[in-house]
Structures are given as structure tokens and as C-alpha cells.
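K.L.:
Protein chains in written order, with the numbering used here: chain P, 25 to 134; chain X, 4 to 114.
#1: Please name the residues in the stretch 19 to 44 of chain X whose beta-carbon is closer than 9 Å to at least one beta-carbon of chain P, in chain order.
#2: In the DSSP assignment, find the beta strand (DSSP E) that holds residue 84 (chain P) and state where it starts and stops.
#3: Check each candidate in X:5, X:75, X:34, X:33 and name the one with the smallest Cα separation from residue 23 (chain X).
#4: Per DSSP, which residues does residue 70 (chain X) bridge with? Please list them.
#5: If I measure Cβ to Cβ from residue 81 (chain X) and keep anything under 8 Å in the same chain, skipping five residues before and after, which residues do I get?
#6: What residues in its chain sit with their C-beta under 6 Å from that of residue 91 (chain P), if we drop five residues either side in the sequence?
#7: Is the separation between the beta-carbon of residue 114 (chain P) and that of residue 38 (chain P) shorter than 8 Å?
#8: Which residues of chain P have a Cβ atom closer than 7 Å to the Cβ of residue 94 (chain X), listed in chain order?
#9: Buried or exposed: residue 120 (chain P), going by 16 or more other Cβ atoms within 10 Å of its Cβ?
#10: With a Cβ-Cβ cutoff of 8 Å, do residue 117 (chain P) and residue 56 (chain P) count as a contact?
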């Protein structure tokens, strides 16, 4: 079975902090994704990566950056956290479809 | 732009009361339609992929069907453990196979 592991289930940070969310997959997938999920808005794609050191913007990249130094690891960075970035963050990976998701990080920015 | 609309937003069923969830979509070249189940506080769990109109997939009490404009997730004789949010998503034939998600149907099955 595919295993996508997100480092934290719950995280509380202050506005202006730099925040790192980590994701690791164990299936040697080329493609990895970061989404945020908000009530009534569904899943929205922030960034994705199709190879090591490669990244592409999704639909809502503003305020975020990503890093992929190793194939199995994809990090999401909030450069200067703001309250409107309070959300559920989901990491996914795939080779071909479908995507497989981690259990998410519930991030609160105070 | 690809779009996915799910209805109803919420559905409450008695245990054993069969029903269907709807997923209407518009996509530029359907490459696949996916159904996921999401439990509270968890990530989406993959259920089915459908590729072409007329295709059907089954798993336990769930059956997914696909037409050129919509997909249905039929739930037969549901049990309380089927309570979850069900997400529908489509991917197009574009370069990186972007996936567009609906906002989900929250299903509650009452004993």
C-alpha cells in the first residue's frame, strides 16, 4: 500500500512566523502535490513537483513556497504566516493516477 | 476551466436506506473520474477510477457509474460505518493531468 506521511497532524503558529510542513512518500512516486482544504471550497492546489528540484505553481501559490531536494520528500513553506492561511493542508503523491493522500496537517495561525 | 459539482451537499440516511450521490462535471478531455472517501480529520482515501461513459465499478456496498456528463455513487443498504464525506474529482488530458475536485457530499447513516 502507498504510504504518504505528513510530519504533524496539528500545528499552531503565530502570524509572521516561517512555517515548514513536511511530507514523505514511500512508493518512489515522481509527482507530489500540496493542497489546502477549506469548508465550501474543496481542495485547492498550491504547488506540485514532477521531479527532484522541479516545482510548478498550482492555483493558489501566493504566500507559499516548496522544496523537493529528495524524491521521497516534499516540503511546503509558509514564508510569513498569516491568519488566512489557517487551514487543513494535504499532501499527495502519484506515479500515474490516482493520487494518494496523507492524513493532513491542521494548521492554525494565531 | 474544468468544473465538478457534487449534490447534495449533505445526506442523512437510515441504516439500510439505499441512495445515490451525484457528481456533475465539465472537463476538456476526460482522462479519468475519481471517487474518494474522507473521514473527519483524515486525508481522502481512494475508492474508484472511471475512464469512459458506461463504465461501472463496485466495492462492497458502493457502486460508481459514469456518463458523459455525470457520475453517480450508489450506496446500497448503507451501514453507519459508511458515514463520511465522499469526494469526486476529474483529470483532463492536459500535460500534467491536473485534478479538479468537487466540494463533496457529507453522508450520515443513522442506526
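Just so it is clear, CB atoms sit at the ideal spot from N, CA and C, and this is done for glycine as well.
P.N.:
According to the structure shown:
#1: Against chain P - using a Cβ distance shorter than 9 Å - the residues of the stretch 19 to 44 of chain X are 34, 35, 37, 39, 41, 44.
#2: Counting along the chain, residue 84 (chain P) falls outside any beta strand (DSSP E), and DSSP gives it neither H nor E.
#3: Comparing Cα positions, the closest option is X:75.
#4: Residue 70 (chain X) pairs with nothing; no bridge assigned.
#5: Closer than 8 Å at Cβ, skipping near neighbours: 16, 18, 19, 20, 21, 22, 64, 110, 112.
#6: Counting only Cβ-Cβ distances below 6 Å, and skipping sequence neighbours, we find 99.
#7: Between residue 114 (chain P) and residue 38 (chain P), the CB-CB gap reaches or exceeds 8 Å.
#8: By Cβ distance, chain P contributes 121.
#9: Burial call: exposed.
#10: Closer than 8 Å, so yes.
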